[in-house]
Each structure stands twice: as structure tokens, then as C-alpha cells.
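Peer 1: Just so you know, we're using the numbering used here here: the sequence shown kicks off at 104 and counts up by one.
The structure follows.
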Amino acid sequence: MQVDDLGFVEPALEADVCIVGSGPAGLTIARELAGSGLDVLVLESGGRTRSAAADALNEIESIGAPRVLEQWHVRNRMLGGSSHTWAGRCAPFQPIDFETREWVAHSGWPIERAELVPYLDRAGAHLGLALGAGLCDGALWAAVGRPRPQPTDARRLRSFYWQISQDRAVPADFMRFGNHVADAAAPNVRVLVNATLTRLHRRGDRIDRLDVRSPDGHERTVRADRVVLCCGGIENARVLLASGIGNDLVGRYLMDHRVCVLGSFGAGGVDTTERYGYFDVDDHRILHGLALAPDVQREEKLLNCAVWTHTTEFDRYLPAAVTRLRRGGWAHELRAGLSTRRGQVVDLLGIVEQQPDPDSRVLLSERTDALGVPLSRLDWRVHELEDRTMARTIELVREEFSRLGITQPRWQPLGGLVDVAHATGTTRMSADPDSGVVDVDCRVHGTDNLYVVGSSVFPTASHANPTHMIVAMAVRAADLLRCG
Numbered sequence: 104m105q106v107d108d109l110g111f112v113e114p115a116l117e118a119d120v121c122i123v124g125s126g127p128a129g130l131t132i133a134r135e136l137a138g139s140g141l142d143v144l145v146l147e148s149g150g151r152t153r154s155a156a157a158d159a160l161n162e163i164e165s166i167g168a169p170r171v172l173e174q175w176h177v178r179n180r181m182l183g184g185s186s187h188t189w190a191g192r193c194a195p196f197q198p199i200d201f202e203t204r205e206w207v208a209h210s211g212w213p214i215e216r217a218e219l220v221p222y223l224d225r226a227g228a229h230l231g232l233a234l235g236a237g238l239c240d241g242a243l244w245a246a247v248g249r250p251r252p253q254p255t256d257a258r259r260l261r262s263f264y265w266q267i268s269q270d271r272a273v274p275a276d277f278m279r280f281g282n283h284v285a286d287a288a289a290p291n292v293r294v295l296v297n298a299t300l301t302r303l304h305r306r307g308d309r310i311d312r313l314d315v316r317s318p319d320g321h322e323r324t325v326r327a328d329r330v331v332l333c334c335g336g337i338e339n340a341r342v343l344l345a346s347g348i349g350n351d352l353v354g355r356y357l358m359d360h361r362v363c364v365l366g367s368f369g370a371g372g373v374d375t376t377e378r379y380g381y382f383d384v385d386d387h388r389i390l391h392g393l394a395l396a397p398d399v400q401r402e403e404k405l406l407n408c409a410v411w412t413h414t415t416e417f418d419r420y421l422p423a424a425v426t427r428l429r430r431g432g433w434a435h436e437l438r439a440g441l442s443t444r445r446g447q448v449v450d451l452l453g454i455v456e457q458q459p460d461p462d463s464r465v466l467l468s469e470r471t472d473a474l475g476v477p478l479s480r481l482d483w484r485v486h487e488l489e490d491r492t493m494a495r496t497i498e499l500v501r502e503e504f505s506r507l508g509i510t511q512p513r514w515q516p517l518g519g520l521v522d523v524a525h526a527t528g529t530t531r532m533s534a535d536p537d538s539g540v541v542d543v544d545c546r547v548h549g550t551d552n553l554y555v556v557g558s559s560v561f562p563t564a565s566h567a568n569p570t571h572m573i574v575a576m577a578v579r580a581a582d583l584l585r586c587g
């Protein structure tokens, strides 16, 4: 792919497809469209490396539940997007995550999981995964050469697997999408850095042009047959709101995942981590944990939730929120001993889905950034159902560990459920414009040539890290764009 700086290109730019954002979603679409015959332009707000000016454009105002305010930990405005600071954990959503659950208001996807399985498989190549849509329990133990341990009660808790992304060109690192742009064989794809979209202009039912600016004031106009926003769960909504495009649901249904440390094994718990922890399979790393079974979710009206053991050896795989807890960034929520442990400490971590809430949302601030675009104002809401789900998950795990005869952690009082910066749902997918922002093809309702790709289109968030699903949806979107 050719990479240029906005300040050194022609004032008027044209493309068949303009992709806004060069993170996992944007660059996956660009790679999938390589050699397609389409003229593809990718706009990246940041540069080839990190800069203070680009970081400042990500500033948020938080008026709801507390969230991390240092955006670099969670959003990277530079070539490659937030793949620069992610923890590499990948997992597909499960069938129940797509269902309309009568106890979860506003749940249900307009597509089924089965439709996404081929794209989940193809996403693995972009993420450096060993497998596509998943790994079965028996296959893991056979691959690591161990007998399968006594299983949990599958009506209550089931094995769940995360694959860890691997950059094949840089062993032991996660896939950093920006590192591979210049090497990609894609003569029909051009990437512009320092190119911030400041406004979309609509004429009739189509996007007519895009206004783009560089940090030093260069302005350019882009016209494209089709425009794809791949800016992340917060920025996708911010762009639409600032441009006055989309319906009244833009920015609503802001979800995240909430995570906490449930307990610690100190320097012990080997028998537990031999079941629930990290495993190497054919030079790929797999994380085995436990998730609430669909049966118990339905019977007890719970959200989706998962737990896993984590050793300090693997701290690079930690959600950013837990890293903040350990470093004292959320000191008021630390539990005794967390900040003073040394050595190979083993923690039990939990992560829970959020319920969709139209009052949890991204709004526009009265303040603007250096380019004149209103800042994002987040009114993030948390709910009792999330706390109840985590509390019940702890009870079930305690009971199962006792039944299986494996070591229990030193349980902590439940508290400190913090965000992990997986902003989701703000341009949700729906079959009709009364219940969402984009249609089943990720096209903005009422706009013929504007698409949105990323976690912002997810109607629900599951408990799983979103990147595998994001990239799968990007592959799907590329197929649709290629076909016109």
C-alpha cells in the first residue's frame, strides 16, 4: 500500500471506496479489497508514529459512571489504530449473544451467528490466529498432550477459549496492523496519514464529500462512491453526530465490558491454572476459562459472563482496566494485598456483558478539539443486572471448584467493576431504522453510500473481547463492497 501525508497530496481526492480509520477494521477491509479493481483510499487521523497533537483529538468528557480518561491506553490515533495497545485476546460471540433474550431489553441481532462463521474463520488470517471460529474442549487437551480433566457441569458453566493474536513477522508480539501497511501488495490502495475527517456532507440520500484536515491546517476534499467509517465505538458516533447524519439513535446504547479481580491464589493454585490458564498449541497461545452456560443464563435471567486465571507472567495479556487497578489508577477500588504482591501471583479475573441501555450514550461536548470538531461527552451507565450476574457467576465457580476438588482463590468482596475500553453499540445494527442506526449490511439507514464497521454496530456485547468479531465483520463488509 502506498502511504502519503495529507499535507503533500492534491487538494481534491477521489476514490471508489474511502475508508476512515486504519485500525483492525479499516486495514482489514483495505487488505481484502487489494487487487479488486476498486480505487481504495484510507484516511488515518494520526501519523506513522504517536504524536501529542493526535492524542489530543481523542479527549473525552465523562459525565456518567467513571471511565478511564487517559485515552492512549485504549484508543490509538495513528497508523494501525488501537492495535498498538491491545492485549491480543480474541474470541467469537456465542449463539445466545445473537438471540433476543426477553430478560435483556433491546437484545437481539438481525443476523444469526451461523452467517458470521465463515468470516470468523477468515478473520483468523488477519489476526494471526491458529483457528477461526473456535476450539473444542477435547481438541485442546489432545494438542497439549494431557488427559481431559473432569468437566464442569455444562448446564451451569462451560469451557470458553480465547486465542491470542500473533504477529507472524514478529514472534511473541500481537498483530500490530500498522506495521504491515507498507509491505502489503495492494497497488490499488492508498493510505493518507495526518488526515482527520472533520465533517461528512450529505446531498439527498448520499454522502457527497468529506472534509479532511491535517494537524498543521492543510485542508482537502474527498469524494468517494462509498464511504466506510472504521473509527471505533466512540469516534464512529462522534463523526455522525458532528455531521448531523443518522437517526436519533446515533450515540445511544453505549456498552462496554466490566472487569474485576475476583480473588487471588497467592503463589499457589497450580492445579487450577493447569485447567484454566494459558496453553501453547502449535506456537499459538490459547487461554482456557469458564463462561456462564446458556441454560443458567435463561433460567436465572443473567447476562453473559466469563472468568479465567491470570499469572503475572502473562500481564501483557491483561485488560487495561486490571493493569490500572494494579498500578493504583483506581486506588479507591483496590483490595488488600493487590498492590503489594510479588512473584508469580495467580489471580482469578471476571468479565461481564453489559445490558443495552438507550440512555447510556455518546454525546457532543460544547468544547471542540484543535480542528474544530466537538469533543465526545460520554454518559456511560452501569446496571444492577451486571453486578448480579457477576455475583452469581462467583457463586457457581466456587461451587464447581469445590465439586471438582481444585484450589479456591482467596475470594475478595465483589467490587471495583471497571470498564475495559471496549466501547460498543453506539451505531447499532437493526432490521429497521426504528431500532438501530445501520442495516444488516452495516449501511447507515437512509443513506445509500455510507457504511459503519466496528464494535459500534454490535447490538449486544457478549463478554468476549470484540476484535475477532470486528475483523470478521470487516471481512464481511469487504465482500459486500467488492460486489457493489
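Beta carbons: idealized from backbone N, C-alpha and C, even for Gly.
Does the Cβ of Arg470 have 16 or more other Cβ atoms within 10 Å, making it buried, or fewer, making it exposed?
Peer 2: It is exposed - the Cβ of Arg470 has fewer than 16 other Cβ atoms within 10 Å.
Peer 1: Val284 and Gly183 - do their beta-carbons sit closer together than 9 angstroms?
Peer 2: A contact, by the Cβ cut-off of 9 angstroms.
Peer 1: What does the alpha-carbon distance come out to for the pair Arg259 and Glu377?
Peer 2: Cα to Cα, the separation comes out at about 21 angstroms.
Peer 1: Is it buried or exposed, Phe111, if we count other Cβ atoms within 10 angstroms and call 16 or more buried?
Peer 2: Exposed, because fewer than 16 other Cβ atoms sit within 10 Å of the Cβ of Phe111.
Peer 1: In three-state terms, what does DSSP make of Met572?
Peer 2: Of the three classes helix, strand and coil, the one that applies to Met572 here is helix, per DSSP.
Peer 1: For Phe263, which of helix, strand or coil comes out of DSSP?
Peer 2: The answer is strand: DSSP assigns Phe263 an E or B state.
Peer 1: Straight-line CA distance for Glu502 to Leu365?
Peer 2: Cα to Cα, Glu502 sits roughly 15 angstroms from Leu365.
Peer 1: Taking 6 angstroms as the limit between beta carbons, can you name the residues of its chain near Ala577, skipping five residues before and five after?
Peer 2: Result list for Ala577: Ala128, Thr131, Ile132, Val556, in chain order.
Peer 1: So what does DSSP say about Arg388, is it helix, strand or coil?
Peer 2: It is a strand residue.
Peer 1: Consult DSSP for Met493 and reduce its assignment to one of helix, strand or coil.
Peer 2: Met493 falls in the helix class under three-state DSSP.
Peer 1: Compute the Euclidean distance between the alpha carbons of Met358 and Gln105, then round it to the nearest angstrom.
Peer 2: Cα to Cα, the separation comes out at about 36 angstroms.
Peer 1: Between the region 510-527 and the region 545-556, are three or more C-beta pairs nearer than 8 angstroms?
Peer 2: Judged by Cβ distances under 8 angstroms, the region 510-527 makes no contact with the region 545-556, as fewer than three pairs qualify.
Peer 1: Hey, quick one: how far does the alpha helix (DSSP H) through Ser90 stretch, first residue to last?
Peer 2: Here the chain covers residues 104 to 587 and nothing more, so residue 90 does not appear.
Peer 1: Could you please give me the residues that DSSP links to Ser165 through a beta bridge?
Peer 2: Answer is Leu481, bridged to Ser165.
Peer 1: Does DSSP put Phe588 in a helix, a strand or coil?
Peer 2: With the chain represented from 104 up to 587, any question about residue 588 goes unanswered, as that position is not in the structure.
Peer 1: Using 8 angstroms as the cut-off, classify the Cβ of Glu147 as near or not near the heavy atoms of the ligand ZN, replying yes or no.
Peer 2: As for the ligand ZN, it is missing from this structure, which has no ligand bound.
Peer 1: Can the beta-carbon of Met493 be found less than 9 angstroms from the beta-carbon of Gly539?
Peer 2: No, Cβ-Cβ distance for Met493 and Gly539 is not below 9 angstroms.
Peer 1: In terms of residue numbering, what span does the beta strand (DSSP E) encompassing Glu205 cover?
Peer 2: Glu205 -> no beta strand (DSSP E), and no H or E assigned at all.
Peer 1: Suppose the cutoff is 6 angstroms on Cβ atoms and the five residues either side in sequence are ignored; what does the same chain contact list for Arg310 look like?
Peer 2: The sequence shown places Ile at residue 310, not Arg. Closer than 6 angstroms at Cβ, skipping near neighbours: Leu303, Val330, Asn552, Leu553.
Peer 1: When you compare only the Cα positions, how much space is there between Ala246 and Thr188?
Peer 2: Computed Cα separation, rounded: 30 angstroms.
Peer 1: Starting from the C-beta of Arg326, find all residues in its chain whose C-beta is less than 6 angstroms away, skip the five residues before and the five after it, and write them out in chain order.
Peer 2: Excluding positions up to five away in sequence, the list reads Glu117, Arg312.
Peer 1: Return the CA-CA distance between Phe368 and Glu215, expressed in angstroms with no decimal places.
Peer 2: Straight-line Cα distance between these residues: approximately 39 angstroms.
Peer 1: Quick one, which of His413, Cys545, Gly167 has its alpha-carbon nearest Ser559's?
Peer 2: Residue Cys545 is the option with its Cα nearest to Ser559.
Peer 1: Please report the straight-line C-alpha distance between Arg225 and His209, rounded to a whole angstrom.
Peer 2: Rounded to the nearest angstrom, the two C-alpha atoms are 29 angstroms apart.
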